[in-house]
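Numbering (our numbering), first residue to last: -13 to 103. Idealized CB from N, CA, C, for every residue including glycine. Since the structure is predicted, the reported quantities are computational estimates derived from the model, not experimental observations. Here is the structure we will look at, set down as structure tokens.
Below is the structure:
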């Protein structure tokens, strides 16, 4: 059976901003919490940066970013990954051991975690 861990996570939540307001200046990731191998962390951050570049001007940018990251993470690291993207949200999730990351790039928070099905 897969070992799971519950961690409370919080971030501020506001309504999604309109695409023209998504401005990303400095691109350094700020790690908030990680229970994940370093290579996988690097992959998550790289995919988040790609998602920002690809979707920041889209009408539903936040949802598109989450869908893109989930699809890529499921391909690269096997299903079932859950992806939360936004400026402000609260969470309390259960995840598999070594399968959780929570970080910011500029004002956008990214949380990825894997759940056993």
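From what residue to what residue does the alpha helix (DSSP H) around residue 104 run?
No information on residue 104 is available, as it lies outside the stretch -13 to 103 that the chain covers here.
Quiz prompt | Straight-line Cα distance separating residue 55 from residue 30 | solution = For the pair residue 30 and residue 55, the Cα-to-Cα distance works out to about 8 angstroms.
Notebook entry, point to check: Can you name, in chain order, every residue of its own chain whose Cβ lies under 6 angstroms from the Cβ of residue 41, other than the five neighbours on each side?
Noted result: In chain order, 47, 50 and 51 place their CB closer than 6 angstroms to the CB of residue 41, counting only its own chain and leaving out the 5 sequence neighbours on each side.
**Request:** Starting from the Cα of residue 32, find the closest Cα among 82, 19, 93 and 15 and give me that residue.
**Result:** Comparing Cα positions, the closest option is 15.
Nearest CA to the CA of residue 60: which residue from 13, 100 and 18? Comparing C-alpha distances from residue 60 to each of 13, 100 and 18 shows the shortest one belongs to 100.
I'd like to check one pair, residue 75 with residue 34: are the Cβ atoms closer than 8 angstroms?
The answer is no: Cβ separation not under 8 angstroms.
Quiz item: Do you know how far the Cα of residue 78 is from the Cα of residue 27?
Solution: Each residue's Cα considered, the two are about 20 angstroms apart.
Self-check item: Close beta carbons around residue 36, own chain, < 6 angstroms, minus the five adjacent residues each side
Solution: So no residue of the chain qualifies.
| query | What does a CB cutoff of less than 8 angstroms around residue 93 pick up in its chain, not counting 5 residues either side in sequence? | reply | Cβ within range, chain order: 73.
Discussion item. My output table needs one value for residue 39: the three-state DSSP class, helix, strand or coil.
Written reply: Reduced to three states, the DSSP call for residue 39 is helix.
- prompt: For residue 88, does the count of other Cβ atoms within 10 angstroms reach 16, so buried, or fall short, so exposed?
  reply: Under this definition residue 88 is a buried residue.
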